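Novice:
As structure tokens, then:
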């Protein structure tokens, strides 16, 4: 599973997000979170599974996700 990457999946607002999530899971996406209010799902899968995931009815886009960490130090010089 070391070849799995993080993905953000954008869902068509006219589709049932629950049904799309089920289809994504059956095609190999390990769902991490469902952001129904904004029509997105985050999860992990191998890059080799992307074509199968993109073929799910209701998927508009799949983009790479990556961690973001903000510097919380008071003297960081940011703002």
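Numbering (the working numbering), first residue to last: 1032 to 1110. For glycine and all other residues, C-beta sits at the position ideal for the given N, C-alpha and C. Just so we're clear, the structure is a prediction, and the values are computed from it rather than from any experiment.
Quick check on residue 1099: buried or exposed, where buried means 16 or more other Cβ atoms within 10 Å of its Cβ?
Specialist: Around the C-beta of residue 1099, fewer than 16 other C-beta atoms lie within 10 Å, and the residue is accordingly described as exposed.
Novice: Using CA atoms only, rank isn't needed, just tell me which of 1102, 1078 and 1066 is closest to residue 1094.
Specialist: 1078
Novice: Classify residue 1078 as helix, strand or coil using the three-state DSSP reduction.
Specialist: helix
Novice: Under three-state DSSP, which class holds residue 1056?
Specialist: Three-state DSSP puts residue 1056 in a helix.
Novice: When we look at the beta-carbon of residue 1076 and count the other beta-carbons within 10 Å, is it buried (16 or more) or exposed?
Specialist: buried
Novice: Can you tell me where the beta strand (DSSP E) holding residue 1091 begins and where it ends?
Specialist: 1090 to 1095
Novice: In or out: residue 1069 buried (at least 16 other Cβ within 10 Å) or exposed?
Specialist: exposed
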